[in-house]
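For my numbering, add 51 to where a residue sits in the sequence shown, where the first one is 1. Glycine included, every Cβ here is placed at the ideal spot set by N, Cα and C. Report on the following structure.
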Amino acid sequence: AEPVRAVNGLIDLRSVKLDDDTAAIRLDGEWDFYWHQLLGPEDFYRETPKQLLAVRVPAPWNDAVLSGESLPGFGYGTYRLVVYAPKVDEPLALRFAAPRTAHRLWVNGRLLSAAGTVSDQPETAQSRYYNRIIPVKDEAGVLEIVLQVSNYLHSKGGLRRSIELGDASRLRQEFDMSNSASLAMFGV
């Protein structure tokens, strides 16, 4: 079967089953993106922000076109995705392969992850990244993901790796095993 994909900033996973074969679902597809705007969740409650682009995730934002021009690698923006969560009994989590720059991530209005300093100015931005598992709670079956990213370090900016939603305990177990294997490989 074809994987479910985000379209116009929305992905519907209500019919997807998490089981032994599927621990997580990639939130790939078209996310809403606001170039040169650092928006928080509250900005979407008041009114719809302007200059919306639909961008592919995972992909560098350089692939997006605004006013006939490809976006540059350096800059900043806000991603947004609304997820209709799968119906599950177990807690959910995001497997977040952080952008290789600075970010702030909210789910349903709660800041759940931040690394580095997101900024609209190269002088005040600080790049920092790490992968992590982020427990999330859906509200009435919905997750609203708002993610600010700034990049002044790499030639390609944005979300270049998939973010996944899945069973929190299985994702944590896989993450811990992966980290243990990496440590063993380097003899730590």
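Query	Result
For Pro92, the nearest candidate out of Pro54, Glu215 and Ile196 (CA to CA)	Ile196
Residues bridged to Phe125 [DSSP beta-bridge criterion]	None, per the DSSP bridge assignment.
Cut-off 6 Å between Cβ atoms - residues of its own chain near Lys207, not counting five sequence neighbours on either side	Pro111, Asn113 and Gly124
Cβ neighbour criterion (16 or more within 10 Å) applied to His87	exposed
Separation of Ser220 from Val139, as counted between CA atoms	13 Å
Cβ pair Leu132, Ile62 closer than 8 Å	yes
Three-state class that DSSP yields for Leu222 in the structure shown	helix
Simplified DSSP state of Ile76, which is helix, strand or coil	strand
Whole-number beta carbon distance between Gly192 and Leu69, since they are thought to touch under 8 Å	Actually they do not touch by this definition, with Cβ atoms about 14 Å apart.
Contact the segment 76–86 vs the segment 94–109: 3+ CB pairs below 8 Å	yes
Same chain only: Cβ atoms within 8 Å of Ala136, ignoring 5 sequence neighbours per side	Leu64, Arg65, Leu143, Asp189, Gly192, Val193, Leu194 and Leu216
Asp227, DSSP secondary structure in three states	helix
Inter-residue spacing [alpha-carbon to alpha-carbon] between Ile76 and Gln172	34 Å
Cβ-Cβ distance between Leu145 and Val187 below 8 Å	yes
Cβ distance (whole Å) where Arg179 is taken to contact Ala166 below 8 Å	4 Å
Residues of its chain near Asn59, where Cβ-Cβ distance is below 8 Å and the 5 sequence neighbours each way are ignored	Glu81, Asp83 and Ala105
Whole-number beta carbon distance between Val169 and Ser201, since they are thought to touch under 8 Å	5 Å
Whole-angstrom distance between Glu120 and Arg211, CA atom to CA atom	20 Å
Simplified DSSP assignment, three categories, for Pro92	helix
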